[in-house]
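Since the structure comes first, as structure tokens, the remarks are kept for the end.
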Amino acid sequence: MELEAVIGLEIHAQISTKTKMFCGCDNDSFNKEPNINTCPVCMGFPGQLPVVNEKAVWKGVKAALALGCRIPEYCKFDRKNYFYPDSPKGFQISQFDEPISENGEVLFTLVEGDADRIVKVGITR
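Residue numbers (our numbering): 2 to 126.
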């Protein structure tokens, strides 16, 4: 039996917006004291519901289109519950089965000696 190594890479990039993804708090985390840009939504207080930042969604769609991703007609956010010390809320908002984009690709040209080779990197979400 011959085995092939398949390596996955998860990359996080912060979208440049004035406010956070799910509330109206200031998104400037570099020039402020810790824990200043928070509100009941950020803290996950009971009864506080998140509202999606429309500009962040549009910027995400633009990035996805630049990467050749498919944009579905419908997407949704999920509340992933888990208990870790670095997440006092006990959950994070993410996307699982209906993401904002999927199935893109990026082409790279690798120079190896005298020959160039084009390598395709697939994007699943």
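Backbone N, C-alpha and C define an ideal beta-carbon position, used for all residues, glycine too.
- Here glycine 25 carries a coil assignment [DSSP, helix/strand/coil].
- Buried is the label assigned to lysine 21, since at least 16 other Cβ atoms lie within 10 Å of its Cβ.
- In the structure shown, leucine 50 falls within a coil segment according to DSSP collapsed to helix, strand and coil.
- Sixteen is the threshold: when 16 or more other Cβ atoms of the shown chains lie within 10 Å of the Cβ of serine 102, as they do, the residue is buried.
- Collapsing the DSSP output to three states places glutamate 113 in a strand.
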